[in-house]
Each structure stands twice: as structure tokens, then as C-alpha cells.
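Line by line, the protein sequences give chains A and V.
Residues in the first sequence are numbered consecutively from 235, following the working numbering.
Residues in the second sequence are numbered consecutively from 1079, following the working numbering.
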Amino acid sequence: MSTWQVTHRLTGEVVYAYTADEPVEWPGMEYATHNHLLQVPEAVQETTDADWRIYVGAFFDRFGSEKIGILSSEDAVVQALIKDASVRQYIGLKERRDELAQMIGVLIVKGFTLDVTAILDTEPTEAELWQPSIR
Amino acid sequence: MATVHSLVCWGGRTGKSVTASNSSGLIFTSTNHGLRDGTGLVFSGTTAPGNVTFGTTYYAKSLSANTFAIYTEPELTNRVAWSSAGSGVYAKSKKMLDYFDQYAGRWGDVGSERCYDGLASWNTARASALPTDEEVCEIGQAFDDNIANITIGIPCGAARIETKVNGQYTEAYHNGAIGAGYRVYRTSMGNNTTIYVTAQRVTVDGITVQLAAVAGYAPNGLYLGALGKAINVISIGRSDGNGTGLRAEGQFSEFHNCLSIGWEKGFSSASSYVYFSIYNCTAVKNTYGFQTGSTTAIYGKFYNNIFVGNTTNYYAVTGLLASQNNAGVSGDTPYGTNPITMAITDFLDYANNDFRPALSTSPQVDSGVEYYGALAYDIADAERPNYNNGGAEAFDIGCYEYDHGYGDHPATSHISLTNIVSGSRVLITRDDTSAVLYNDVPGASLNLETGYIGNFTVRIRKGSASPVYREFTAGGTTVADQTTSIKVLQQLDE
């Protein structure tokens, strides 16, 4: 349902608001003297997939003390994972979560101590957030 | 500076436009009407439907989300039969009309009262609030307020959204019961927050925010702005591992006695430096009891909370401010010092969403601590700590206090006597039963605390040693939470 704001045409004063599918010409708030204005919800900054895209370097930083060991690993599978991540502009923590969880799972199997939840579900900081205009 | 009160009741000041038709009797159609069974309605308009008299009270029974029948009595015994549709028909809340009579002028002039049909309308109508004013949205009726999502950014100095009228909880208050009272009930999903408070100093008290079990991107429940408070709020998600129930989005926000169920994150906070506080809250059946958006320190304070029955009760965080006496299950690491271990069996009925303590011996009972700004009541508006008839009393943890079965603490009063001649014996008795409240030699003054409320008599004698005095007699009445003072004027007996 929509929310309607009723204003007095002469004064502009907000005199009422109501919810309805269509505007209702209430007694005392006739269309001749009052505007019934459909209210569009204010734009609100909400979390979207884009808010979970981080720089590749920031993604590796989330490996913490295991980062150097992973990046310097001679294991072919580990190297493949690093290469796959490195060629991307950003790491989409939300939109590619399942794939990333699998990748981290492989690294854990290879002997690295990693916290999947902390790496993937920690909300990015401003410094980590990938900025499409800065490339 | 002024306090501007508004009222929220079903249908608002104008009522709702309804359409009558026939389906095994008279039915009315109104999109997402949100009516609770037994709600009193008064009809008005151009032409009344057959068998309906304008100005008479009828009682609603919901038939579907968009239709309802009416009955002639609140017990819903005699349904009004179909005859004709009428035209231009409006249904108004009888409760609202009664409020207008009882509190005439509280919400503005008669005929133009600031009374709205829900939170979204209030938010829209008060968009021109003054920064020097406090806006109060008084929710006076139990109904389902179907809101997609609203941003509360009213430019007032402070605001309160509460299920109270004139400071007293109304039928809109849930009393700690899930599904009762006024409920922001969201049926249209979307990637946003149901109630997103961006204004500062907004307190939300005694409402329920709930998502319907319908498909779509799962929204969040309630996000608090800076210096905001959520008190006695119940937040219910879809139990599908999505969304955040209650989140400290602005700095210095506080949650007291809140219950969060069925979200990905029962409670959460925005990124670091939020300095939020979570007190005596309960998170159950979420993916995380608490999970933060911060990668560094969270600057959160946790006291007396229960995060139990979630996939992960306590997400590992750093930067806790003083926190203590939080409960988790065995193997958890509850935040802060003095952790308490409990299990879902320590809830009265976890399966059926009754999260009160199971027993007086349950680990959450009397295991809390007091803290600055603690409320003296729980999510069901019961006293905290609960009265134990002389037994040990302490704060419980979680949003529900255990009910020891003795009701509230009895009222107390004080009898103050001054100017007593040293060595006098004082006898104070109840006038109704002659029971003795005091019989001793107090010194020059006496301040007696008593649970007795009523008339009493004071007799003071000093006759056993010189100088002797005549008996002094006086009467008075004790008043709850007040002191009755008597200046004693004894006369020498020469």
C-alpha cells in the first residue's frame, strides 16, 4: 500500500497522511482544496552486493598470518587459486560466496588455518571496499 | 520547546475506506486491513450498507488479509447479514473515538487530531517537525501495520514511538507475548530495512517488528540511529538465515529487554566506533546471536544477555567495552567477564517460542548484575528484580524475569516522628486491625518504613522517670511511596 500526504493547497501545510492503494477524497480534505501526494520512500543506504566487493589485496589481507605462507606456497592448486583471485578486479564476497568458501576450504585442507566466516562475512571497511571509479 | 503527541490507531482519524459485499453474510474489503478479531468499529459515509447503522459499534472478525465480517457484540456471536452494499463507507476505530473523548485536545483540535493509521503515515505527516520539539507517536491499539519499509528521519529534537497513551501501556503493547499487540507486519520483501531510523534520539518502545513468511529478498528489522533506544522490542525474521533483527547503526544506541528471533543476525552493529550497548536482551533461533559489521574493534557493551539457541551464539569480536554476565551454551565464549552457561532447556518452551526462564533454579535466574541506566522492568513490564517474598532477589539475565509468583513488590510508606522527648516510648498501631507497627524507645526521632497503607495511631508516653510527660496521641494516614510526618508536642505532667 502507498502512503499519501495531504497538504492544504493555499497554505502548503501538511494536514494529514494515510495509507491506501489509491487516494481517498476524505470529507474535509477534498481534492479541490487539498493535494493528496504519493510519498516515495526516501533513498536509504542499504547493503547491496556492491557493498561487499573488496580489493584483491584486501582479500588476501584477511588471511592474516597465513597470507605470506599461502602466497609463497609452491603447491600447484594453491597457486592456481591465487592466480584466479589475482586476475580479478575485485572479490565479491556476497555474490561469489559459495565459490570463495570452497576455495578457502581447499586452503584449509592444504594445512592453512583460516576462518571462513571471518573472511567472508565481516563487513568490508571503507579502506577495503573496491571503488570502481579508482582504477 | 514542546512535546507534540500523535496517536496511531487502526484507520487513523478518517478511518479506512471499505467496500461491502455478500459472501455468506456481509463482508467488507480493505487491503491489508490488519484488524484483530473483536476490534470495535463505527461506520460512517454516504449510504450505510443494509443492516448497518452509522454511528453504532460493531466488532470485526478477520476473514482474510483483505476482508472482514462484522458482529453485533465483541464475543463475535451474531454476524451481521448481507442486505445491500451502501456507498462511500468508512470504518473508524471505536477505540480511537474513545481516546478522543478521554483525552480531548491531547492530539490537537477536535476534528483535526494528529491521529494516523500507522507508523508510515505518522512519519509522513510529521515530516515538518521542529528541531526544538519532541515528537511522541503514541500507539493506542493492537493491529497489524503493514509497512514495506520506512526511514524515520523526522527533523525533531527527539522522538518516542511507544505503545503507550499518556504514559501508560495500551493494548498495543505485546506484554512479552509473541504476536500480541501492535505489530509492524511486513508482507512485501526487499533489500532494505523495515524501520530504518536515521534521526537522532529516537526511542522505540514496546512494539513488534515481524516479517511474513513470504518469498523475496529478506529485509532487516529495526536499525537504530545515533543516541537511539530500543526498549521491549520483539523482532522476528523469516527463519531462513537472512536479514538482521536489531542493529546499532548510529553511535551510542542502546537495546534494553529486546528479543530477536529467526534472522541471520539477531543483533548487529555497524562498523567500528559505534559505542552501542545491549542490555538484558535475548537472541534465539538466529544464525548468529550477535554478529558485527566491524573488522576491527566493535566498542560494544554487553550486560545480562542470553544468546542461546543460535547456530553461532557469540561471533568472535574484539574491542568489547565493559561487558559481563552474558549467557551461552557449554563451549561458547560469551562476551566479557563472568559468563553463564545455560541450555535451550532452560527456556520455558523453546520449541514454541516461550523464552521465559523454565524454573526458579534455571541458570539465568538471579545471575545478572546491575548497571547504569538499568530499567526496573522486563520485556513483559514485570518488575526487575522480581519480588521474592523475602527470598533472595537479583537481576535475571535475558529479557524475561522469572516470575516467583508473588506479584510486584508491596508498596512501602514511611512514618516520620520528630521532636520526641528522649526516653519516651512510642507505640504505633494500625487503625483497621490494631496490629502494632512499632513499640520501642527510639530517641529524639523515628523514621519507620512500613508496607501498611492506611490510617494509624501514635501514642507516646514518658511516665516512668522524671521529668514525666502526659500521653501524646496523634493519628495519620500512610501513602504509598510517601512519608507521613508528625511533629511530636509532648506536655510536661506537673
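Just so it is clear, CB atoms sit at the ideal spot from N, CA and C, and this is done for glycine as well.
So, at 6 angstroms on beta carbons, what are the nonlocal neighbours of Thr267 of chain A in its own chain, with the 5 sequence-adjacent residues on each side left out? Arg243
Contact belief for Gly1446 of chain V with Ile1422 of chain V at Cβ below 8 angstroms, rounded distance in angstroms: Not really, about 19 angstroms apart at Cβ, beyond 8 angstroms.
Closer than 8 angstroms to chain V by CB, Met337 of chain A: no
By the DSSP assignment, the beta strand (DSSP E) with Phe350 of chain A in it spans what residues? Just to set this straight, residue 350 of chain A is Val in the shown sequence, not Phe. Premise fails: Val350 of chain A lies in the alpha helix (DSSP H), 350-355, not in any beta strand (DSSP E).
Along the chain, where does the beta strand (DSSP E) that runs through Lys1343 of chain V open and close? 1343-1347
Can you name the residues of chain V whose CB is closer than 7 angstroms to the CB of Asp255 of chain A? Thr1109
Just reading off the beta strand (DSSP E) that Gly1299 of chain V is part of, what are its end residues? 1298-1302
Same chain only: Cβ atoms within 6 angstroms of Thr253 of chain A, ignoring 5 sequence neighbours per side: Met235, Thr237
Per DSSP, cross-strand counterpart(s) of Leu1175 of chain V: BP columns for Leu1175 of chain V are empty, so no partner.
Run through chain A and tell me which residues come within less than 8 angstroms of Arg1091 of chain V, C-beta to C-beta. Tyr250
Looking only at DSSP bridge pairs, what is Leu1324 of chain V linked to? V:Leu1300, V:Phe1345
Give the DSSP-derived three-state secondary structure of Ala1203 of chain V in the structure shown. helix
Are there three or more Cβ pairs, one per stretch, closer than 8 angstroms when the segment 1165-1176 of chain V is compared with the segment 1121-1131 of chain V? yes
Hey, out of V:Ala1205, V:Gln1369, V:Asn1416, V:Val1407, whose CA is closest to Ser1401 of chain V's CA? V:Asn1416
Rounded to whole angstroms, what is the Cα-Cα separation between Tyr1263 of chain V and Asp1432 of chain V? 20 angstroms
Inter-residue CB distance, Gly1409 of chain V and Phe1385 of chain V (contact presumed, cutoff 8 angstroms): Not really, about 13 angstroms apart at Cβ, beyond 8 angstroms.
Using a cut-off of 9 angstroms between C-beta atoms, extract the partners of Asn1224 of chain V located in chain A. Met235, Thr253
If you count every other CB in all the chains shown that lies within 10 Å of the CB of Ser1313 of chain V, and 16 or more means buried, which is it? buried
Determine which residues share a DSSP beta bridge with Phe1473 of chain V and list them. Per DSSP, none; premise fails for Phe1473 of chain V.
Around the Cβ of Glu1213 of chain V, are there at least 16 other Cβ atoms within 10 angstroms (buried) or fewer (exposed)? buried
Extent of the continuous beta strand (DSSP E) to which Phe297 of chain A belongs: Unbroken run through Phe297 of chain A: none, as it is neither H nor E.
CB Asn1110 of chain V to CB Ala1143 of chain V, shorter than 8 angstroms? yes
Report, in whole angstroms, the separation of the C-beta atoms of Lys1307 of chain V and Glu1332 of chain V, which I expect to be a contact under 8 angstroms. 5 angstroms
Phe293 of chain A burial status per 10 Å Cβ neighbour count (16 or more: buried): buried
Assign Gln279 of chain A to one of three DSSP states: helix, strand, or coil. Bear in mind that the predicted position of Gln279 of chain A carries a pLDDT of just 46, short of 50, making it too unreliable to give a figure here.
Per DSSP, what kind of secondary structure is Ala1522 of chain V in: helix, strand or coil? coil
Taking the Cβ atom as the reference point for each residue, do Tyr1260 of chain V and Ala1291 of chain V lie within a distance shorter than 8 angstroms? no
Counting contacts by CB-CB distance shorter than 8 angstroms, is Gly1196 of chain V in contact with chain A? yes
Which full runs of the beta strand (DSSP E) of 3+ residues lie inside the segment 1182-1237 of chain V, going along the chain? 1212-1217, 1228-1230
Among V:Tyr1393, V:Asn1227, V:Gly1186, the one whose alpha carbon lies nearest that of Asn1298 of chain V: V:Asn1227
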